[in-house]
Amino acid sequence: MSYRVTALPGDGIGPEILSGTLKILEKLSNKYNIDYQIETHDFGGAAIDNYGDPLPKTTLEACEKSDAILLGAIGGPKWDQHPKRPESGLLALRKNLELFANLRPTKVVEGATRFSPLKEERVAGTDFVIVRELTGGLYFGEPKQLEEQQAIDSLTYTKAEIERIAHAAFQLAESRNNKLTSVDKENVLASSKLWRQTINEVAENYPNVTVEHLLVDACSMHLITRPTQFDVIVTENLFGDILSDEASVIPGSLGLSPSVSYGQRGTKLYEPIHGSAPDIANQDIANPTGMILSLAMCCRETFENNAAAEELENIVYQLIKDGVTTPDLGGTAHTSEIFNQILQQL
Ligand code: NAD
Ligand code: IPM
Ligand code: MN
Numbered sequence: 000m001s002y003r004v005t006a007l008p009g010d011g012i013g014p015e016i017l018s019g020t021l022k023i024l025e026k027l028s029n030k031y032n033i034d035y036q037i038e039t040h041d042f043g044g045a046a047i048d049n050y051g052d053p054l055p056k057t058t059l060e061a062c063e064k065s066d067a068i069l070l071g072a073i074g075g076p077k078w079d080q081h082p083k084r085p086e087s088g089l090l091a092l093r094k095n096l097e098l099f100a101n102l103r104p105t106k107v108v109e110g111a112t113r114f115s116p117l118k119e120e121r122v123a124g125t126d127f128v129i130v131r132e133l134t135g136g137l138y139f140g141e142p143k144q145l146e147e148q149q150a151i152d153s154l155t156y157t158k159a160e161i162e163r164i165a166h167a168a169f170q171l172a173e174s175r176n177n178k179l180t181s182v183d184k185e186n187v188l189a190s191s192k193l194w195r196q197t198i199n200e201v202a203e204n205y206p207n208v209t210v211e212h213l214l215v216d217a218c219s220m221h222l223i224t225r226p227t228q229f230d231v232i233v234t235e236n237l238f239g240d241i242l243s244d245e246a247s248v249i250p251g252s253l254g255l256s257p258s259v260s261y262g263q264r265g266t267k268l269y270e271p272i273h274g275s276a277p278d279i280a281n282q283d284i285a286n287p288t289g290m291i292l293s294l295a296m297c298c299r300e301t302f303e304n305n306a307a308a309e310e311l312e313n314i315v316y317q318l319i320k321d322g323v324t325t326p327d328l329g330g331t332a333h334t335s336e337i338f339n340q341i342l343q344q345l
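As C-alpha cells, this is what we get:
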C-alpha cells in the first residue's frame, strides 16, 4: 500500500523542524519499505501570505485525501491582527477532518531525568497520555462574538461528543495500565457535570479500567507532585491544551512533546504540541524532538511499522541521554546537527 502524506510546514520554527523530519521519513521508507507519496502545502500564516486564507481549498483537499498529515506549527506576530488568523486555519482543519481525539504523551525516559526542572526521583518513570477532546468546547461553541463592551465564548458539549472521546480514552487505558483520570470542573460548570456523568456511564463498558475524577485546578497541581501516578488522562479541549503544555515540562521542555489527532475517518494528523516559537525562529536552535516523535507515532499508527518507530525513538532518546540537545534542554546542539546525527545513525 502506498500511503498518502501531506506535509504542512507552516510558520516560525515549523519549516525548520519539518524539513529534517521529512528527510528522516525518506530514510526510514528506504530502510523499512514504507511506500508513500508526499505533497507539501501552504498552511497558516504562509498560506495567508500566498492565498489570503490560512487553510486554502487546495490544502484542505490534499489533507482530506491523506492517510497522514505532518504539521510543523503555525502562527506568529505578523498575522496576529489579520482578520483570519493562522490559528483559525488549524481549528478549521481539525474540525473539517473531525479529528476529535488528540493524544499527547508525556514520558521521562531512563537516563534523562536530569533534564526535568522537578526533582529527579519525583519524575523518574513518568509515562502518561493526555487524551484531549479536540473539536468541541469553548473553541467551537456558539454564540461566539466580540463586541466593544462585551465578548462571548460558549462552552458546549453534547453527550455524543463526550461519549466518543470517553470510548477513545478507555480503549487507550485498556491497552496500557487500565487507569483513567478524567479531568473537569464539575463543581462549577454544567458541561463538566455532563462530562463526569457520561464518563461514569461509559466506564461500565470497561470494568477493568479504574476511573479517577479530578478537578482541573487540583490536577494541574497533581501533575507536578505525582506525575508517575497517571496513565491516561481524558479532558475537554481547553483543559487539555493547558495541561499538556504544563505536562511537557516534566521531561524538560515544550519542545519534546508529540501528538496525534484522529477521528472516525482514516486521516491522522501528527504535530508537536508546541507553537511556531517566533522568538527562536530561523536560528537553527529549535528542539525538533516533538516533531520527530510525531513522525515515530505516524510510523506506528499510520504505517503500522513498529520497528521503524522504535528505532527512531531509540535514536532520539539516546541523543538526549548523551546530552546532545538544543538550548531549551541546556545543550549547545543546533537543530540541523540533531537531524544530521539521526540521519547518520539510520
Ligand atoms: P510556543 O509554543 O510557540 O512557544 C512557547 C515558548 O516555548 C517559547 O519561548 C518558545 O521559544 C518555546 N518553544 C516552543 N517550541 C519549542 C521548541 N521546539 N524548541 C525550543 N523551544 C520551544 O507558544 P507561543 O509563543 O505562545 O505561541 C507562538 C505562536 O504559535 C502563536 O501564534 C500561537 O498561536 C501559535 N501556536 C501554534 C500551535 C500549533 O501550530 N499547533 C500551537 C501553539 C501555539
Ligand atoms: C495547540 C495550540 C492550538 C490550540 C492553537 C494554536 C489554536 O495551542 O495545538 O495546542 O489551542 O489547540
Ligand atoms: Mn496549545
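In numbering that gives the first Met the number 0, the protein residues as written are 0 to 345.
Cβ atoms here follow ideal geometry from the backbone N, Cα and C, with glycine treated the same way.
Here the structure is a predicted model, which is why all the values come from computation and not from measurement.
So who's on the other strand from GLN36, going by DSSP bridges? The residue given as residue 36 occupies position 37 in the sequence shown. Per DSSP, the beta-bridge partners of GLN36 are ARG3.
Starting from HIS166, follow the beta strand (DSSP E) in both directions and report where the run begins and ends. In the sequence shown, residue 166 corresponds to position 167, counting from 1. Residue range 158-174 is occupied by the alpha helix (DSSP H) that includes HIS166, with no beta strand (DSSP E) assigned at that position.
Are there three or more Cβ pairs, one per stretch, closer than 8 Å when the stretch 184-194 is compared with the stretch 244-264? At 8 Å Cβ cutoff, the stretches do not touch.
Just to confirm, are SER260 and GLY74 a CB contact at a threshold of 7 Å? The residue labelled residue 260 in the question sits at position 261 within the sequence shown. The residue labelled residue 74 in the question sits at position 75 within the sequence shown. If you check the CB distance, SER260 and GLY74 do not come in under 7 Å.
Between which two residues does the alpha helix (DSSP H) carrying SER191 extend? For the purposes of this step, residue 191 is taken as residue 192 along the sequence shown, with counting starting at 1. Looking at the DSSP string, the run of the alpha helix (DSSP H) that includes SER191 is 189-202.
Considering only residues of the same chain and omitting the five flanking positions on each side of HIS166, which have a CB-CB separation below 7 Å? What you label residue 166 is simply residue 167 of the sequence shown in a count that begins at 1. If we look at HIS166 and ignore the five residues flanking it on each side, its Cβ neighbours are VAL201.
Measuring from the CB of GLY239, is there a heavy atom of the ligand NAD at a distance below 6 Å? Against the sequence shown, residue 239 aligns to sequence position 240. False, no ligand heavy atom lies under 6 Å from that Cβ.
Please classify PRO142: is it buried, with 16 or more other beta-carbons within 10 angstroms of its beta-carbon, or exposed? Counted from its first residue, the sequence shown places residue 142 at position 143. By the 10 Å Cβ count, PRO142 comes out exposed.
Hey, how far is the Cα of TYR138 from the Cα of LEU102? Residue numbering aside, residue 138 sits at position 139 when the sequence shown is read from its first letter. Residue numbering aside, residue 102 sits at position 103 when the sequence shown is read from its first letter. A straight-line Cα-Cα distance of about 18 Å links TYR138 and LEU102.
Alpha-carbon spacing of THR197 relative to PRO271, whole angstroms: Walking along the sequence shown from the start, residue 197 turns up at place 198. Walking along the sequence shown from the start, residue 271 turns up at place 272. Whole-angstrom Cα-Cα distance: 30 Å.
Output yes if chain D places a C-beta closer than 7 Å to the C-beta of VAL107; else output no. Going by chain labels, chain D is absent from the structure shown, which holds only one protein chain.
Exposed or buried, what is LYS64 when buried is set at 16 or more other beta-carbons lying within 10 Å of its beta-carbon? Position 65 of the sequence shown, counting from 1, holds the residue named residue 64. So LYS64 ends up on the exposed side.
Opposing strand residues paired with PRO104 [DSSP bridges]: Counted from its first residue, the sequence shown places residue 104 at position 105. VAL128, per the DSSP bridge assignment.
I'd like to check one pair, GLU203 with ILE164: are the Cβ atoms closer than 7 Å? The residue given as residue 164 occupies position 165 in the sequence shown. The residue given as residue 203 occupies position 204 in the sequence shown. In this structure, the beta-carbon distance from ILE164 to GLU203 does not fall below 7 Å.
Measure the CB-CB distance between ILE129 and GLY251 and report whether it falls below 7 Å. Here the question's residue 129 lines up with position 130 in the sequence shown. Here the question's residue 251 lines up with position 252 in the sequence shown. Taking 7 Å as the Cβ cut-off, ILE129 and GLY251 do not qualify as a contacting pair.
Can the beta-carbon of GLU105 be found closer than 7 Å to that of ALA246? By 1-based counting over the sequence shown, the position of residue 105 is 106. By 1-based counting over the sequence shown, the position of residue 246 is 247. A quick correction: the sequence has Thr, not Glu, at residue 105. THR105 places its beta carbon less than 7 Å from that of ALA246.
Hey, would you say GLY11 sits closer than 7 Å to ALA280, going by beta carbons? Taking the sequence shown and counting its residues from 1, the one referred to as residue 11 is at position 12. Taking the sequence shown and counting its residues from 1, the one referred to as residue 280 is at position 281. Their beta carbons are under 7 Å apart, which means GLY11 touches ALA280 by this criterion.
Is there contact here, the stretch 224-243 with the stretch 107-127, by at least three beta-carbon pairs under 8 Å? By the Cβ rule, the stretch 224-243 counts as touching the stretch 107-127, because three or more pairs are nearer than 8 Å.
Candidates ARG195, GLY43, LEU318: which alpha carbon is nearest GLU160's? As a working mapping, residue 160 is identified with position 161 in the sequence shown. Closest by alpha carbon: ARG195.
So, using beta-carbon positions, are TYR316 and VAL108 closer together than 7 Å? What you label residue 316 is simply residue 317 of the sequence shown in a count that begins at 1. What you label residue 108 is simply residue 109 of the sequence shown in a count that begins at 1. Yes, they are a contact pair.
Spatial neighbours of ASN305 within its chain, please: C-beta separation below 7 Å, excluding the five flanking residues on both sides. Taking the first residue of the sequence shown as 1, we reach residue 305 at position 306. Apart from sequence neighbours up to five positions away, the residues of its chain that approach ASN305 with a beta-carbon distance below 7 Å are ARG299, ordered along the chain.
Please state the DSSP three-state secondary structure of GLU211. Position 212 of the sequence shown, counting from 1, holds the residue named residue 211. Correct three-state label for GLU211: strand.
Compute the beta-carbon to beta-carbon distance between GLY19 and LYS320, rounded to the nearest angstrom, for a pair I have assumed lies under 8 Å. Working through the sequence shown from its first residue, we reach residue 19 at position 20. Working through the sequence shown from its first residue, we reach residue 320 at position 321. The Cβ separation is near 20 Å, so there is no contact.
List, from N- to C-terminal side, the alpha helix (DSSP H) runs of 4 residues or more that fit wholly inside the stretch 9-82. 13-31, 44-50, 56-63, all fully within the stretch 9-82.
Secondary structure at VAL248, three-state DSSP: helix, strand or coil? Reading the sequence shown from its first residue, position 249 is the one you call residue 248. In the displayed model, VAL248 falls within coil according to three-state DSSP, outside both helix and strand.
Roughly how far, in whole angstroms, is the beta-carbon of VAL215 from the beta-carbon of VAL182, given that I think they are within contact range, below 8 Å? In the sequence shown, counting from the first residue as 1, residue 215 sits at position 216. In the sequence shown, counting from the first residue as 1, residue 182 sits at position 183. Going by Cβ atoms, the distance from VAL215 to VAL182 rounds to 5 Å, so yes, they are a contact pair.
What is the DSSP secondary structure of ILE371, reduced to helix, strand or coil? Since the first residue of the chain shown is 0 and the last is 345, residue 371 is not available in this structure.
Here's the rule: buried if 16 or more other CB atoms are within 10 angstroms of the residue's CB, otherwise exposed. What is MET347? Because residue 347 is not part of the residues shown, which for the chain are 0 to 345, the question remains open.
My guess is that LEU96 and THR266 are in contact by the Cβ rule of under 8 Å, so how many angstroms apart are they, rounded? Indexing the sequence shown from 1 puts residue 96 at position 97. Indexing the sequence shown from 1 puts residue 266 at position 267. Rounded to whole angstroms, the Cβ separation of LEU96 and THR266 is 5 Å, and the two are in contact under 8 Å.
Opening and closing residue of the beta strand (DSSP E) in which GLU141 lies: Start at 1 with the first residue of the sequence shown, and residue 141 comes out as number 142. Run containing GLU141: 140-145, per the beta strand (DSSP E) assignment.
LEU89: CB within 6 Å of a non-hydrogen atom of the ligand GTP: Looking for the ligand GTP in the displayed structure turns up nothing; the ligands present are the ligand NAD, the ligand IPM and the ligand MN.
Quick check: THR57 and PHE42, are their CB atoms within less than 7 Å of each other? As a working mapping, residue 57 is identified with position 58 in the sequence shown. As a working mapping, residue 42 is identified with position 43 in the sequence shown. No, they are not a contact pair.
Contacting residues, own chain, Cβ-Cβ under 6 Å from GLU235 (five flanking each side not counted): Indexing the sequence shown from 1 puts residue 235 at position 236. For GLU235, where only same-chain residues beyond five positions count, the Cβ hits under 6 Å are GLU132, GLY136.
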